[in-house]
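In the order they appear, the protein sequences are chains H and C. Using my numbering, you'd call the opening residue of the first sequence number 1 and step up by one each time. Using my numbering, you'd call the opening residue of the second sequence number 1 and step up by one each time. Before any comments, here is the structure.
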Amino acid sequence: MHVPDGFINAPVSATAGLLSIGSIWASTKAANRFLADKLIAIAGMMSALIFALQMINFPIGAGTSGHLLGGALAVIILGPSLGILCVSIVVIIQALIFADGGLSALGINILNISIVTGLVGWCVIDLWKKFFGDRSSSLIIGSFIAGLFSVVMSSVAFVAEYALGGTVSVELGSVFIAMVTSHFLIGVGEGFITALILSLLLKVRPDMVFIAKNERVEKKSTSIVGVLLFLSCSLIFLAPLASSSPDGLETVAEEFNFDYSDKTVTFLQGYSIPSISNSFISIVISGLLGILVLTIFLNLYLNIARKES
Amino acid sequence: MSGDHIQSHLNTESPLIEIEPAQKIISVLILALSLAFNDIRNPLKFNLILICIICFVFVSIPSINYLLRRMYVIIPFILFAFLLPFISKSGTTIYLYKDIAIYQNGLFEMSNILLKSIAGVSMAVALSATTSQFDIVRGLEKLKLPKIFVAILSFALRYISVYISEFKRVKLSMKSRGFNSKSLTDSVAIAYAGSAMLIRGFERGEKVYSSMISRGFDGNLFITSKKWNQSKLLYFLCITTLLVNILGYFS
Chain H
1 MHVPDGFINA PVSATAGLLS IGSIWASTKA ANRFLADKLI AIAGMMSALI
51 FALQMINFPI GAGTSGHLLG GALAVIILGP SLGILCVSIV VIIQALIFAD
101 GGLSALGINI LNISIVTGLV GWCVIDLWKK FFGDRSSSLI IGSFIAGLFS
151 VVMSSVAFVA EYALGGTVSV ELGSVFIAMV TSHFLIGVGE GFITALILSL
201 LLKVRPDMVF IAKNERVEKK STSIVGVLLF LSCSLIFLAP LASSSPDGLE
251 TVAEEFNFDY SDKTVTFLQG YSIPSISNSF ISIVISGLLG ILVLTIFLNL
301 YLNIARKES
Chain C
1 MSGDHIQSHL NTESPLIEIE PAQKIISVLI LALSLAFNDI RNPLKFNLIL
51 ICIICFVFVS IPSINYLLRR MYVIIPFILF AFLLPFISKS GTTIYLYKDI
101 AIYQNGLFEM SNILLKSIAG VSMAVALSAT TSQFDIVRGL EKLKLPKIFV
151 AILSFALRYI SVYISEFKRV KLSMKSRGFN SKSLTDSVAI AYAGSAMLIR
201 GFERGEKVYS SMISRGFDGN LFITSKKWNQ SKLLYFLCIT TLLVNILGYF
251 S
């Protein structure tokens, strides 16, 4: 599901955009060694295939339908850096050329569809490989679980963005239940298809599956430290921005004689933590939360880059 | 060349067709982001930016029909937006008929989502109406995106259409062998068809790559550069939007 413009408010979109830019930058840095390699052509083919797979909607009951995301498949076959890059490119093509998903929500879509699915899928399959060995049967079961988890976590990421900056005041709990249950069903489909595709690939061309290869190349982690610094700085700058915009609105609302206090209660809740009355403390807490999430993300990245290289 | 049926239908009569793609991409992003960063409860700024966007869209597209036909992707969100006044329970209540009520806050949210998503989609449609897919790649390369990113992007764009036509062919041949998906076990056949396509694609990728190497590929994609013009209209729209944002911020 691609989020259109205007669904998530601007500060959260901008933060997601910065996170996406940083992640894409880190993965291009890690993937640069493939530039003169045949993997680059294969990565292009993989993006094209994921695009084609995302076009197929399948019904999941109750009048809704879902489509594959393909993040887990991409990281299993191409490795985390190229895999995340591939799916990000699919999302960018969809937004710029096929008008699917909003332009200002591009960061959110990249974050949900490629980065979260890619990271979660890679973590699951990597842990699975560590615990159950790299026989093809265990990898196939692991890929099913990776596909399932990646889609569910992608929907959880959407709910988190909605909680931080949703522009509509539909109850958070009902959004959570609707998103996660429907995406559990989509995830079962995704895991099933991921496992089947991987099983055939392992039979026919096992040399093409990254997870079955145990590649080792030299280390390259300075770029990731740079990304950490860049993103934490930008988040620190964005945190006060996230809190200042309602103030501007407040004055405008008063200027145009809106019954401000009555209408924008839920709107304010989107920016800060609702249960805390002191705005400064809630801003600081939300900023710290953001940086915490970021650090977890980048730690994952560091580990992955180390394992990959 | 096989499978070029999703090449976008360019609007050759638009004045923006000869304009540098990088400039078009940047202007679209500026317009979309400034619309997203403004709120509908601030009507003056919002409407000024909306007028700029409408100018851009109407200079680009050939007809309204063209726009409407390509907007189908946001239909679910439009339907959801029309539900909002009924389910978003806050703000002043307006009674339509006896117990059926709508909420003012929900009305704001509905118009916010409707306007922003429709504007976003029509801008993307307008961009693809005046810029071919490969010109968009050229533009992104000119904007100094990483080489590997641009390379994968151009590969993906070239082979999406190939994959889609191949997928249709596979579906047709499965159908002619008497396949109709009814039970869950049939999805195994679909997944195997997909992975067969993937393997075929991988092998095609290897062949394409070796032929590129033999033609002297070293990581740079576009050697020939095209002459582009700069558009005064786009400069005007972008500067107006930025001014509206900046002045609105300080006033």
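Where a beta carbon is used, it is the ideal one built from N, C-alpha and C, also for glycine. What you are looking at is a predicted structure, and each value in this text was computed from that prediction instead of being measured.
Secondary structure of Thr12(C), DSSP reduced to three states: Look at Thr12(C) here: in three-state DSSP terms it is coil, with no helix or strand label.
Helix, strand or coil for Asn180(C) per DSSP? coil
Any 3 or more C-beta pairs closer than 8 Å across the segment 120 to 127 of chain H and the segment 19 to 30 of chain H: No, they do not touch.
Counting C-beta neighbours from all protein chains within 10 Å, is the total for Val149(C) 16 or more, i.e. buried, or is it exposed? Looking at the sequence provided, one finds Phe at residue 149(C) rather than Val. With 16 or more other Cβ atoms within 10 Å, it is buried.
Contact criterion: CB-CB distance below 8 Å. Does Ile19(C) meet it with respect to chain H? no
Is it buried or exposed for Val217(H), if we count other Cβ within 10 angstroms and need 16 for buried? Because the pLDDT of Val217(H) is 42, which lies under 50, any placement of that residue in the model is unreliable, and the number read from its coordinates should be weighed accordingly. The residue is exposed, with fewer than 16 neighbouring Cβ atoms inside 10 Å.
Expressed to the nearest angstrom, what Euclidean distance is found between the alpha-carbon atoms of Ala151(C) and Phe86(C)? 48 Å
Report, in whole angstroms, the separation of the C-beta atoms of Tyr192(C) and Leu49(H), which I expect to be a contact under 8 Å. That pair is no contact at about 14 Å.
List the residues that DSSP assigns as beta-bridge partners of Thr103(C). In the sequence as presented, Thr is not what sits at residue 103(C); that position holds Tyr. Bridge partners of Tyr103(C): Thr93(C).
Could you tell me whether the Cβ of Asn32(H) comes closer than 8 Å to any Cβ of chain C? Interface flag for Asn32(H) against chain C is set, since a Cβ pair is found closer than 8 Å.
Any idea what DSSP makes of Thr264(H), helix, strand or coil? Caution applies to Thr264(H), whose pLDDT of 40 falls short of 50 and renders its modelled position unreliable; the value that the coordinates give is listed next. Of the three classes helix, strand and coil, the one that applies to Thr264(H) here is coil, per DSSP.
Considering Tyr249(C), what are the terminal residues of the alpha helix (DSSP H) in which it resides? Lys232 to Phe250
Could you check where the alpha helix (DSSP H) with Phe86(C) kicks off and where it finishes? Note, Phe86(C): alpha helix (DSSP H), Ile75 to Ile87.
Just confirm the distance between the C-beta atoms of Thr130(C) and Ser14(C), as a whole number of angstroms; I'd bet it's less than 8 Å. Between Thr130(C) and Ser14(C), the beta carbon gap of about 5 Å places them in contact (Cβ cut-off 8 Å).
Inter-residue Cα distance where the pair is Val125(C) and Trp128(H): 43 Å
So what does Asn229(C) bridge to, in DSSP terms? Ile19(C)
Tell me which same chain residues have a C-beta within less than 6 Å of the C-beta of Ile6(C), skipping the five on either side of it? The pLDDT assigned to Ile6(C) is 49, lower than 50, so where the model puts this residue is not dependable; a value taken from the coordinates is nonetheless given after this. Cβ within range, chain order: Ser161.
Contact set between the segment 106 to 132 of chain H and chain C, restricted to residues whose Cβ is under 8 Å from the partner: none
From what residue to what residue does the alpha helix (DSSP H) around Ala212(H) run? Run containing Ala212(H): none; DSSP gives neither H nor E here.
Using the Cα positions of Gly139(C) and Ala16(H), report the straight-line distance between them to the nearest angstrom. 24 Å
Rounding to the nearest angstrom, what Cα-Cα distance links Ile8(H) and Asn112(C) in this structure? 11 Å
Buried or exposed: Glu171(H), going by 16 or more other Cβ atoms within 10 Å of its Cβ? exposed
Return yes when the C-beta of Ala36(C) is under 7 Å from any heavy atom of the ligand MG, and no when it is not. With respect to the ligand MG, the structure shown offers nothing to examine, as it has no ligands at all.
Measure from the C-beta of Ser13(H) to each C-beta in chain C and report whether the shortest distance is under 8 Å. yes
Which two residues bound the contiguous alpha helix (DSSP H) that contains Tyr72(C)? First-last for Tyr72(C): undefined, no H or E at that position.
For the segment 30 to 47 of chain H and the segment 201 to 213 of chain C, state whether three or more C-beta atom pairs, one from each stretch, are separated by less than 8 Å. Flag = yes, the segment 30 to 47 of chain H and the segment 201 to 213 of chain C touch.
Test: Lys219(H) CB closer than 8 Å to a CB of chain C: Bear in mind that a pLDDT of 44 at Lys219(H), under 50, signals an unreliable position, so the model cannot answer this.
By the 8 Å beta-carbon criterion, what residues does the segment 160 to 183 of chain H contribute toward chain C? Listed in chain order, the positions of the segment 160 to 183 of chain H with a beta carbon within less than 8 Å of a beta carbon of chain C are Thr167, Val168, Ser169 and Val170.
When Cβ atoms are compared, which residues of the segment 129 to 155 of chain C fall closer than 8 Å to chain H? Residues passing the 8 Å Cβ filter: Gln133, Ile136, Pro146, Lys147, Ile148, Phe149, Ala151, Ile152, Leu153, Ser154 and Phe155.
Check whether the Cβ of Ala95(H) lies closer than 8 Å to any Cβ atom in chain C. yes
What is the C-beta distance between Leu84(C) and Gly106(C), in whole angstroms, given that I count them as a contact (C-beta under 8 Å)? 5 Å
Supposed contact pair Cys52(C) and Leu234(C) - C-beta distance, whole angstroms, cut 8 Å: No, Leu234(C) and Cys52(C) are not in contact; Cβ-Cβ is about 10 Å, not under 8 Å.
Looking only at DSSP bridge pairs, what is Ile26(C) linked to? Residue pairing by DSSP places Ile26(C) in no beta bridge whatsoever.
Between Ile42(H), Val188(H), Gly6(H) and Ile84(H), which has its C-alpha nearest Phe202(C)'s C-alpha? Relative to Phe202(C), the option among Ile42(H), Val188(H), Gly6(H) and Ile84(H) whose CA is nearest is Ile42(H).
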